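Numbering (the working numbering), first residue to last: 19 to 464.
Note that CB positions come from ideal geometry on N, CA and C, so glycine has one too.
Just so it is clear, the structure is predicted and the values come from calculations on it, not from any experiment.
Before any comments, here is the structure.
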């Protein structure tokens, strides 16, 4: 049997390779790293996480991304299996030890007999054979040009950002305290997964002043500041209004200062554990395009971080994606050349889990086709199906932008109460329906 080829061994490509091999079809995984480096990656490992170390909420009852976690586990996903194996305390979220996670994904794929690796850059879209393009937001210039030449589309782009990481030993715990928002988590470790830095009104105003005045990195020629609203740099949020951050990543709700329970902080900066050893913490929601020197000055104004030592400073980079509603069918095939499937962030989904989910689907669909079968997408009532439906036709091609999974992509439920007060009944009804429909879809493949 002819193998299926995958370009890119990120989360989507790795998941696609796993699903194809598990279906009994040989697969060749092409990865240009480390021979051809990117400015964001550090290794040549599969599924390297370059931004946050969080897969976000793991609540499969009340959250659409938690439901997506459930679906990927039900489908035997490699990414979720390795995330569970290397998870870190993070309250109600699923965070992982990023290095151990990517190494485990790499080892699992290397141990799979039907998976072979072919290092090196693929510079143009192949015209023959079955291929999955899972090159992510950092698609190489040569391959990106080949995609543009074939599709006739102008390259769309937004800007994805990297939050800074702090050495835990440099955080002043006489000022900060450990607590997950609303004490979420089933264990004490989960309920104390975040480090919180309290701010008075004066602290907050000083921070905003410094943030607005800080030197920012200029965009390169050809870049435009078309940010994705789900991953805005903190300085862009601050420019939208002085209170924006206090109602976003710095909101003080659901937290009580262990050092002074009677005093309500005006704002709180949260840090989330970034590795299994607990030696590194990333500053939650603090993506930035400030220059490195400015970052150190501004972030050390945060109470508890006045002597902070940074393992990594923040950054921001271009993220390219296809106009998928116009270019891709519901089997994730390029309409202009159906032997090519696309998966991951390049399709216009946003987030680690969403990207891996599109890899899972592309892999299963490609394997089914190789075995002489057609695999339809999951029902739109599931998280995975809702994403596919959105990027392949549910979104308006004229205004298409990257999207995280959310209940707004689900078909509405009849006779369910809308608005914020109806969520406690509506969300479980969404996820109950999603589980039942997704299980039925899985059963149809056996």
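| Query | Result |
| --- | --- |
| Round the Cβ separation of residue 105 and residue 113 to the nearest angstrom and send it over; I've been treating them as touching at under 8 Å. | 7 Å |
| Of the choices 263, 450, 95, whose alpha-carbon is the least far from that of residue 41? | 95 |
| Once DSSP output is grouped into helix, strand and coil, what is the label at residue 24? | strand |
| For residue 281, count neighbouring C-beta atoms within 10 Å of its own C-beta (all shown protein chains included) and say buried if the count is 16 or more, exposed if not. | exposed |
| Apart from the five residues just before and just after residue 242, which ones in its own chain have a Cβ nearer than 7 Å to its Cβ? | Residue placement at residue 242 is poorly supported in this model, since its pLDDT is 47, which falls under 50; the coordinates still yield a value, given next. Answer for residue 242: no residue qualifies. |
| Which residues share a DSSP beta bridge with residue 259? | DSSP output for residue 259 lists no bridge partner at all. |
| Can you tell me whether residue 50 is buried or exposed, with buried defined as 16 or more other CB within 10 angstroms of its CB? | buried |
| Enumerate, from N- to C-terminal direction, the unbroken beta strand (DSSP E) stretches of 3 or more residues contained entirely within the stretch 291 to 369. | 298 to 301, 328 to 330, 333 to 339, 355 to 360 |
| Which one of 334, 366, 379, 363 has the shortest CA to CA distance from residue 349? | 379 |
| Who are the near neighbours of residue 46 in its chain, counting only those whose CB is closer than 6 Å to its CB and skipping five residues on each side? | 21, 23, 134, 136 |
| Report the residue from 226, 394, 68 whose alpha carbon sits nearest the alpha carbon of residue 119. | 68 |
| Suppose you measure from the CA of residue 66 to the CA of residue 233; what does that come to, to the nearest Å? | 30 Å |
| Within 10 angstroms of its Cβ, does residue 26 collect 16 or more other Cβ (buried), or is it exposed? | buried |
| When we look at the beta-carbon of residue 278 and count the other beta-carbons within 10 Å, is it buried (16 or more) or exposed? | exposed |
| Can the beta-carbon of residue 457 be found closer than 8 Å to that of residue 300? | no |
| Helix, strand or coil for residue 281 per DSSP? | coil |
| For the alpha helix (DSSP H) holding residue 100, just list the boundary residues, first then last. | 96 to 103 |
| Is the stretch 256 to 268 touching the stretch 191 to 205, taking contact as three or more C-beta pairs under 8 Å? | no |
| Could you check the C-alpha separation between residue 201 and residue 140 for me, to the nearest Å? | 48 Å |
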